[in-house]
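Undergrad:
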């Protein structure tokens, strides 16, 4: 009879090699933890340094690769963000968050078809992944694909009832198809979760003018609520500016430029998905 061939099995690691692997893995994890602490303190340059140190110890350490993608996305360095997300996926194809975040970056780069593929890959891995449901719903909304967007955004709020921006995005779609009362309810659900959400406050105010045209008291109260939210957002921005290592704008841009850059950084940070543990955990959102 012909010989039976078996795949060659790697030799078991020696105790010394196993110990070295454990030490390098633990060190990479510790350095990544430190990088995430620096990121949460607003010192992105120090965070990048720690993540790169983690990779110098363990070049395939997915969490460090992923977190570098998050940081570079927040600083609008989209090409580097895409590179690190793609590398993280190469070493861990089951990382739904990396697929989602790569989709966000690709959409920002104008590669919409590839972004859609990334969102679908994330949903194949995690069918109830609220951020990918939301992001795909927002993308389809922007393309006028209402029939596909509505169930995605509805599923996003069902999967994560505390996910404020999905309510806002659902409201935008409901308003676009003429369901203004339903849109107002969605905006109000968003504001119940996040009372100072900029988009939902503005969208609710506009929608109320459709329904309560001429009823000054209702609209006036809504304006007052929006004003309080506006003040709260600026207080939050002031606290953000006082964080160690935080840089709001480009050199020579002035206060207005700093505020615009800060909002851009916050929006990019928010759109990407966070992971629990060693990875920065920003809540994901896509605003209109």
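Residue numbers (the working numbering): 334 to 621. Yeah, the Cβ is synthetic: ideal placement off N, Cα and C, and Gly gets one too. Just so we're clear, the structure is a prediction, and the values are computed from it rather than from any experiment.
(1) According to DSSP, is residue 486 part of a helix, a strand, or is it coil?
(2) Between which two residues does the alpha helix (DSSP H) holding residue 420 run?
(3) Would residue 534 be called buried (16 or more neighbouring beta carbons within 10 Å of its own) or exposed?
(4) Out of 536, 499 and 495, state which residue places its alpha-carbon closest to the alpha-carbon of residue 513.
(5) From the DSSP output, in three-state form, read off residue 570 for me.
(6) Here's the rule: buried if 16 or more other CB atoms are within 10 angstroms of the residue's CB, otherwise exposed. What is residue 393?
(7) Grouping DSSP H, G and I as helix and E and B as strand, with all else coil, what is residue 427?
(8) Report buried or exposed for residue 446, applying the criterion of at least 16 other Cβ atoms within 10 angstroms of its Cβ.
(9) Determine the burial state of residue 517: buried for a count of at least 16 other Cβ atoms within 10 Å of its Cβ, exposed for fewer.
(10) Quick one: grab the DSSP three-state call for residue 628.
(11) Quick one: is residue 532 buried, meaning 16 or more other Cβ sit within 10 Å of its Cβ, or exposed?
(12) Looking at the unbroken alpha helix (DSSP H) that takes in residue 512, where does it start and where does it end?
(13) Straight-line CA distance for residue 368 to residue 466?
(14) Using a Cβ-Cβ cutoff of less than 6 Å, which residues in the same chain neighbour residue 398 once the five nearest sequence positions on both sides are dropped?
(15) Determine the DSSP secondary structure at residue 462, reduced to helix, strand or coil.
(16) Along the chain, where does the alpha helix (DSSP H) that runs through residue 389 open and close?
(17) For residue 451, name the three-state secondary structure that DSSP assigns.
(18) Is DSSP giving residue 396 helix, strand or coil here?
(19) With residue 496 as the anchor, note down where its alpha helix (DSSP H) starts and where it stops.
(20) Assuming contact is defined by CB atoms lying nearer than 8 Å, are residue 527 and residue 493 in contact in what I supplied?
(21) Taking residue 406 and residue 434 to be in contact with their CB atoms under 8 Å, please state how far apart those CB atoms are, rounded to whole angstroms.
(22) In chain order, what residues of the same chain lie with their CB nearer than 7 Å to the CB of residue 482, ignoring the 5 residues before and after it?
(23) Tell me which same chain residues have a C-beta within less than 7 Å of the C-beta of residue 381, skipping the five on either side of it?
(24) Buried or exposed, going by whether 16 or more other CB atoms sit within 10 Å of the CB of residue 521?
TA: Answer, in terms of the structure:
(1) Looking at residue 486 - three-state DSSP - the assignment turns out to be helix.
(2) DSSP places residue 420 inside the alpha helix (DSSP H), whose first and last residues are 411–424.
(3) It is buried - the Cβ of residue 534 has at least 16 other Cβ atoms within 10 Å.
(4) For the residues 536, 499 and 495, the minimum Cα distance to residue 513 belongs to 536.
(5) In this prediction, residue 570 has a pLDDT of 48, which is less than 50 and means its spatial position is unreliable; nothing more can be read from the coordinates.
(6) Classification for residue 393: exposed.
(7) Three-state DSSP puts residue 427 in coil, outside helix and strand.
(8) Exposed, by the Cβ-count rule.
(9) Around the beta carbon of residue 517, 16 or more other beta carbons sit within 10 angstroms, so the residue counts as buried.
(10) Beyond the ends of the chain as shown, which are 334 and 621, falls residue 628; an answer cannot be given.
(11) Its Cβ being crowded by 16 or more others within 10 Å, residue 532 is buried.
(12) Premise fails: residue 512 is in no alpha helix (DSSP H) and is neither H nor E.
(13) Looking at the backbone, the Cα of residue 368 and that of residue 466 are separated by about 29 Å.
(14) Hits under 6 Å: 417, 420 and 421.
(15) DSSP, read as helix, strand or coil, puts residue 462 in coil.
(16) Element bounds for residue 389: 377–390.
(17) DSSP places residue 451 in the helix class (H, G or I) of the three-state scheme.
(18) Reduced to three states, the DSSP call for residue 396 is helix.
(19) Bounds of any alpha helix (DSSP H) do not take in residue 496, whose DSSP letter is neither H nor E.
(20) Not a contact, by the Cβ cut-off of 8 Å.
(21) Going by Cβ atoms, the distance from residue 406 to residue 434 rounds to 7 Å, so yes, they are a contact pair.
(22) So the qualifying residues of the chain are 470, 473, 474 and 506.
(23) Result list for residue 381: 401 and 404, in chain order.
(24) Counting the other Cβ atoms within 10 Å of the Cβ of residue 521 gives fewer than 16, which makes it exposed.
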